[in-house]
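A.B. asks: The structure follows.
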Amino acid sequence: MSSWMRWHGPAMARLWGFCWLLVCFWRAALACPTSCKCSASRIWCNDPSPGIMAFPRLEPNSAEPENITEIFIANQKRLEVINEDDVEAYVGLKNLTIVDSGLKFVAYKAFLKNSNLQHINFTRNKLTSLSRKHFRHLDLSELILVGNPFTCSCDIMWIKTLQETKSSPEAQDLYCLNESSKNIPLANLQIPNCGLPSVNLAAPNLTVEEGQSITLFCSVAGDPLPNMYWDVGNLVSKHTNETSNTQGSLRITNISSDDSGKQISCVAENLVGEDQDSVNITVHFAPTITFLESPTSDHHWCIPFTVKGNPKPALQWFYNGAILNESKYICTKIHVTNHTEYHGCLQLDNPTHMNNGDYTLIAKNEYGKDERQISAHFMGWPGIDDGANPNYPDLLYEDWTAANDIGDTTNRSNEIPSTDVADKTGREHLSVYAVVVIASVVGFCLLVMLFLLKLARHSKFGMKDFSWFGFGKVKSRQGVGPASVISNDDDSASPLHHISNGSNTPSSSEGGPDAVIIGMTKIPVIENPQYFGITNSQLKPDTWPRGSPKTA
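Reading the sequence shown from the start, the letters are residues -31 to -1, 1 to 521 in mature numbering (1 follows the signal peptide of the UniProt record, and there is no 0).
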């Protein structure tokens, strides 16, 4: 049992892992050529025995050659050739080193598919000639050719030119063998009839209208005689070319607006190097609105659009048929310009229901115009559901301009009414509503205060049994005049109060109705007529009723 546990526990897992590791190394060893070592990203072959006779290749389906970034080869005297298909599988290759070997020949297209190559080192090999065609498509940062027995000829003059263009031309000590087998420094090499070519293109800049056809002419010169060809890049328009010795032509028919801004080059190339001359094509065409969508909300509301045209088209917006005079609240913004294509927005700052409606964009230049319309809904009308989408009032625009009567975007005092007028009217209406509401509230408060003051006055001068916010009652005289005394029925501690019916106070029936008790003594009370505003004429003795007392 313990034996079974030992072979099925952690020890077994480690054993299986070790076996898989051995299998991986075994497969890598089978895939890797003899005298070489391989890893996931590197191949190095530096064992001279038995050595390699051909450029190292990995076995099919055994590894991923595109992951190889470095190949190092040294001491391989039997390696003499790099063929066209030897390196094409290593598309990710960046560093290639072949040193102290027997390399004599490199095919013209050997590195055609190795666009990532940056460093090449062919030090101390057997190269007698090397064409620049091997490397013209590569962006090399380093090419080391020291220790090769180059033959002094025009074929290697491009290496001299390359060295002269570097910041430190003495970085490599290069030599070549002349006819006398004497080493000549490459920097001092002079070979007659061996120079860079030259190119002349008739029209450096070309402006045409869309749909036209043009012909470009090019002439080249050089010794050795250069080859000439046209580099048209990704030209869309239909084109044909003709070349004969030092002259050539390129015919472009029915030029497309998509070719505006494109560059066409005439190239001449010989053993020493190449030269080229280019022309830029400018195509004029009528504007086209290629994109116009419903408004979107970000930092501001935006009605996005894309317009193509050359020359740059003038843009004019219309709102519900009227010219939209732009302001700091509504304005056109161009965010991206791509030669003849303009991407932008009609930007609206906090639009309301007053800005709902139809927006028309017109783009116009000297070659024509285009227009498109979009309906925008920013906010529902007050009191109306957003989904109802009511008709927009026609009273906002008593005068309006048709969309085809395009005018200047500059605001004028007699200009056609636009949305800024409508916005101003809406703000004035809101201000009036606010003033009316505030005035109504203030007036209502004043009326309430006057009513309360009136109630307070009546409660003081004669209202029967009126309770003022619950603080006491007003007792009025029975029969004559206003109340004589204001008291609180509940205030039993007051020394001044009316006589209560059925009380046990002394002489409660004495003194008449207008008597008060001070302490335990009841005294009569006579009203002061002047206190209630009675005039002197009313107080004359002859006006008193008979039997009335004349003195207090």
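Note that CB positions come from ideal geometry on N, CA and C, so glycine has one too. All figures in this text were calculated on a predicted structure; none of them were measured in a lab.
Using the beta-carbon count (16 or more within 10 Å), is His208 buried or exposed?
C.D. replies: buried
A.B. asks: For Cys212, which residues does DSSP report across the bridge?
C.D. replies: According to the sequence displayed, residue 212 carries Thr and not Cys. Partner(s): Gly217.
A.B. asks: Helix, strand or coil for Ala23 per DSSP?
C.D. replies: In the structure shown, Ala23 falls within a coil segment according to DSSP collapsed to helix, strand and coil.
A.B. asks: Restricting to runs no shorter than 3 residues, where is the beta strand (DSSP E) found entirely within the region 62 to 98?
C.D. replies: Within the region 62 to 98, the complete beta strand (DSSP E) runs of at least 3 residues are 64 to 68 and 88 to 90.
A.B. asks: Grouping DSSP H, G and I as helix and E and B as strand, with all else coil, what is Cys1?
C.D. replies: Looking at Cys1 - three-state DSSP - the assignment turns out to be coil, as it is neither helix nor strand.
A.B. asks: Below 8 Å on the Cβ atoms is my contact criterion, and I expect residue 534 with Leu65 to pass it. Report the Cβ-Cβ distance as a whole number of Å.
C.D. replies: It is not possible to answer for residue 534, since the shown part of the chain is limited to -31 through 521.
A.B. asks: Between the region 242 to 257 and the region 332 to 343, can you find at least three pairs of beta-carbon atoms closer than 8 Å?
C.D. replies: yes
A.B. asks: Am I right that Phe91 and Ile67 are in contact with their C-beta atoms under 8 Å? What's the rounded C-beta distance?
C.D. replies: Contact between Phe91 and Ile67 holds, with the beta-carbon distance rounding to 6 Å and staying under 8 Å.
A.B. asks: Output needed for Ala43: all residues of its chain with C-beta closer than 6 Å, excluding positions within five of it in sequence on either side, in chain order.
C.D. replies: Asn15, Val68 and Asp69
A.B. asks: Restricting to Cα atoms, I'd like to know which of Val305, Asp54, His304 and Tyr328 is closest to Ala291.
C.D. replies: Tyr328
A.B. asks: Name the residue from Arg341, His322 and Glu238 whose alpha carbon lies nearest to the alpha carbon of Ser100.
C.D. replies: Glu238
A.B. asks: From this set, Asp227, Ile160 and Asp142, which residue's C-alpha is nearest Glu148's C-alpha?
C.D. replies: Ile160
A.B. asks: Would you kindly check if the distance between the Cβ of Arg47 and the Cβ of Gly71 is under 8 Å?
C.D. replies: yes
A.B. asks: Quick check: the Cα distance between Ala171 and Ser247, rounded to an integer number of angstroms?
C.D. replies: 10 Å
A.B. asks: Could you give the DSSP three-state label for Arg426: helix, strand or coil?
C.D. replies: In the structure shown, Arg426 sits in a helix (DSSP, three-state: H, G or I).
A.B. asks: Nearest by alpha-carbon distance to Leu261: which of Thr275, Leu194 and Leu131 is it?
C.D. replies: Thr275
A.B. asks: Please state the DSSP three-state secondary structure of Leu107.
C.D. replies: coil
A.B. asks: Looking at C-alpha atoms only, which residue of Asp228, Val236 and Glu211 is the closest neighbour of Ala190?
C.D. replies: Val236
A.B. asks: Just to confirm before moving on: does the CB-CB distance between Gly326 and Asn289 stay below 8 Å?
C.D. replies: A distance below 8 Å separates the beta carbons of Gly326 and Asn289.
A.B. asks: Taking three-plus beta-carbon pairs below 8 Å as touching, is the region 127 to 136 in contact with the region 194 to 206?
C.D. replies: They do not touch, by the three-pair rule.
A.B. asks: Spatial neighbours of Pro514 within its chain, please: C-beta separation below 7 Å, excluding the five flanking residues on both sides.
C.D. replies: Low confidence applies to Pro514: its pLDDT is 46, below 50, so where it sits in the model is not reliable enough to give any reading.
A.B. asks: Identify, in the order they occur along the chain, each residue of the same chain with its Cβ nearer than 8 Å to the Cβ of Leu109, setting aside the five sequence neighbours on each side.
C.D. replies: Within the same chain, Leu109 has close Cβ partners Leu86, Gln87, His88 and Ile89.
A.B. asks: Would a C-beta distance cut-off of 8 Å place Phe186 and Ser234 closer than the cut-off?
C.D. replies: no
A.B. asks: Assuming Gln132 is part of the alpha helix (DSSP H), what are its boundary residues?
C.D. replies: Met126 to Thr134
A.B. asks: Could you name the residues of the same chain whose beta carbon sits closer than 6 Å to that of Gln232, not counting the 5 residues immediately before and after it, in chain order?
C.D. replies: If we look at Gln232 and ignore the five residues flanking it on each side, its Cβ neighbours are Ser247 and Asn249.
A.B. asks: Assuming Asn36 and Ser10 form a contact by the criterion Cβ under 8 Å, report the distance between their Cβ atoms to the nearest whole angstrom.
C.D. replies: A Cβ-Cβ distance of about 6 Å is found for the pair Asn36 and Ser10, placing them in contact under the 8 Å criterion.
A.B. asks: For Gly242, count neighbouring C-beta atoms within 10 Å of its own C-beta (all shown protein chains included) and say buried if the count is 16 or more, exposed if not.
C.D. replies: buried
A.B. asks: Let me confirm a value: Val417 is counted as buried when at least 16 other C-beta atoms fall within 10 Å, else exposed. Which label applies?
C.D. replies: exposed
A.B. asks: Going by Cα to Cα distance, which pick from Pro282, Trp199 and Asn117 is closest to Thr97?
C.D. replies: Asn117
A.B. asks: On the three-state DSSP scale, how would you describe residue 525?
C.D. replies: No answer is possible for residue 525: the residues shown for the chain start at -31 and end at 521.
A.B. asks: Closest to Ser188 by C-alpha separation, out of Asn203, Gln216, Cys163 and Val177, would be which residue?
C.D. replies: Of the listed residues, the one whose Cα sits closest to Ser188 is Gln216.
A.B. asks: In whole angstroms, give me the CA-to-CA distance for Pro282 and Lys338.
C.D. replies: Taking the CA atoms as reference points, Pro282 sits about 8 Å from Lys338.
A.B. asks: Hey, how far is the Cα of Met(-27) from the Cα of Ser8?
C.D. replies: Low confidence applies to Met(-27): its pLDDT is 46, below 50, so where it sits in the model is not reliable enough to give any reading.
A.B. asks: Out of Asp124, Ser182 and Lys135, state which residue places its alpha-carbon closest to the alpha-carbon of Ser226.
C.D. replies: Ser182
A.B. asks: Considering His304, what are the terminal residues of the beta strand (DSSP E) in which it resides?
C.D. replies: Ile299 to Asn307
A.B. asks: Identify every residue that forms a DSSP beta bridge with Cys187.
C.D. replies: Leu170 and Gly217
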